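Remember, our numbering sits 162 above the position in the sequence shown when you count from 1. Every residue, glycine too, gets a C-beta built ideally from N, C-alpha and C. Here the structure is a predicted model, which means the values were calculated and not measured. Down below is the structure, laid out as structure tokens.
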Amino acid sequence: MLPYASLQEAETAIGRPLTPAETLWFNYTADKSDYILYCHNIPLIFLLSTLVPLFYLLIELMFPCYVASYKVQPKIKVSLYDNFKCYLVVMRTFFLIVVPVLLVSYPSIKMIGIRTSLPLPSSMEIISQLIIYFVIEDYTNYWIHRAFHLKWVYENIHKVHHEYTAPMGFATQHAHWVEILVFGIPSFLGPAIVPGHLLTFLLWIALREIESVENHTGYDFPWTFKKYIPLSAGAEYHDYHHYVGGQSQSNFAPIFTYCDYIYGTDKGYRYRKRLLQKQLKDGSRSDGSYACAQDIKSE
163 MLPYASLQEA ETAIGRPLTP AETLWFNYTA DKSDYILYCH NIPLIFLLST
213 LVPLFYLLIE LMFPCYVASY KVQPKIKVSL YDNFKCYLVV MRTFFLIVVP
263 VLLVSYPSIK MIGIRTSLPL PSSMEIISQL IIYFVIEDYT NYWIHRAFHL
313 KWVYENIHKV HHEYTAPMGF ATQHAHWVEI LVFGIPSFLG PAIVPGHLLT
363 FLLWIALREI ESVENHTGYD FPWTFKKYIP LSAGAEYHDY HHYVGGQSQS
413 NFAPIFTYCD YIYGTDKGYR YRKRLLQKQL KDGSRSDGSY ACAQDIKSE
């Protein structure tokens, strides 16, 4: 809850007039506790994990001819029923595991110094912190993901997430509850190391959820924002990881590609890309079920 009784008191404390955004924030948060504000991440995650995959599913249903040329694994079709069944499983885990954890995790947010007060952070502060969060998330997620492909961990935990060898948006959070909790650690590390405003934290959660869903759509669309980010992974990159499945020791990184390149865990993927490009150049392609979207569109 903001420690100001009025807009005038807030402006006096800050030493300048409030911006329109700060005025909106003041009016919205004046009578809300910090705990209630933090808990906004629950409906935020729920809506994003529902609406973003639904958006891609509707595109697939409404424009099948358009999306067909961007399908990474064109031979595998996921039915509407399978999408719905996957969504129900994900929501069960969300309400039984994720929501209770989020409800009791508020003290950790206060401990690391996430603030709700005025003034609001500048655009440059938000952007710089988000970049740091993405880098930290990517690096730590990479090593945790590699650990989850150790034989025992994969067979007992991570195998659930690999149920779909051709992933779709709703399968983003389709995972064992232990995996859901463990993979939440990298998302928390960035804000813990470089704490900022709650708005930055909520924006980070939103962007990370959208990015993760995009990785699992199974479509390599040319208009996704990752196409404009250097060293960025994406649906086609992560799709290969699911295609190989339990034997996969490739493409662990969720956001960028540099960790896989540096540590040599993208060799199989790069070999496959070179093979497909050679076959395309020769006018043929193998009958394997996996093909990158660029090859499909060129045929």
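Item                                                                                                                             : Value
Span of the alpha helix (DSSP H), counted from its first residue to its last, around T302                                        : S285 to A309
Straight-line gap, E114 to V251 (C-alpha atoms, nearest Å)                                                                       : Nothing can be reported for residue 114: it is not among the residues displayed for the chain, which extend from 163 to 461.
Rounded straight-line distance, which links the Cα of I319 to that of H307                                                       : 12 angstroms
Proximity winner among V406, L264 and Q291, relative to H324 (alpha-carbon distances)                                            : V406
Beta-carbon proximity check, Y232 vs Y399, cutoff 8 angstroms                                                                    : no
Buried/exposed call for V266, threshold 16 Cβ in 10 Å                                                                            : exposed
Residue environment, Y316, which counts as buried when at least 16 other CB atoms sit within 10 Å                                : buried
Run of the alpha helix (DSSP H) containing K247, from where it starts to where it stops                                          : L242 to T255
Own chain, CB closer than 6 angstroms to P353, minus 5 neighbours either side, in chain order                                    : F363
Proximal residues to V229 (C-beta, below 7 angstroms), its chain only, five neighbours per side dropped                          : I221, E222 and Y381
Buried or exposed by the 16-neighbour rule on C-beta atoms within 10 Å, applied to C227                                          : exposed
Beta-carbon separation (whole angstroms), S211 vs T334, contact threshold 8 angstroms                                            : 7 angstroms
Backbone secondary structure at R178 - three-state DSSP                                                                          : coil
Pairwise C-alpha distance: V297 and P416                                                                                         : 10 angstroms
Candidates G346, A368 and L164, of which the one nearest L264 by Cα                                                              : G346
Cβ pair R277, L360 closer than 8 angstroms                                                                                       : yes
Check whether A337 and V240 have beta carbons under 8 angstroms apart                                                            : no
Distance CB(F310)-CB(E341) smaller than 8 angstroms                                                                              : yes
For H233: DSSP bridge partner residues                                                                                           : Position check: residue 233 holds Lys in this sequence, whereas His was assumed. Answer is Y381.
Own chain residues within Cβ distance below 8 angstroms of P283, not counting five before or after                               : Q291, G358, H359, L361 and T362
Own chain residues within Cβ distance below 7 angstroms of G331, not counting five before or after                               : V214, P215, Y218, L219, V375, H378 and T379
Cut-off 6 angstroms between Cβ atoms - residues of its own chain near Y420, not counting five sequence neighbours on either side : L393
Residues bridged to S394 (per DSSP)                                                                                              : F418
Alpha-carbon spacing of Y200 relative to Y166, whole angstroms                                                                   : 19 angstroms
Inter-residue spacing [alpha-carbon to alpha-carbon] between I367 and E299                                                       : 11 angstroms
One or two residues paired with R434 in a DSSP bridge                                                                            : According to DSSP, which records beta bridges pairwise, R434 is partnered with nothing at all.
For H324, three-class secondary structure by DSSP                                                                                : helix
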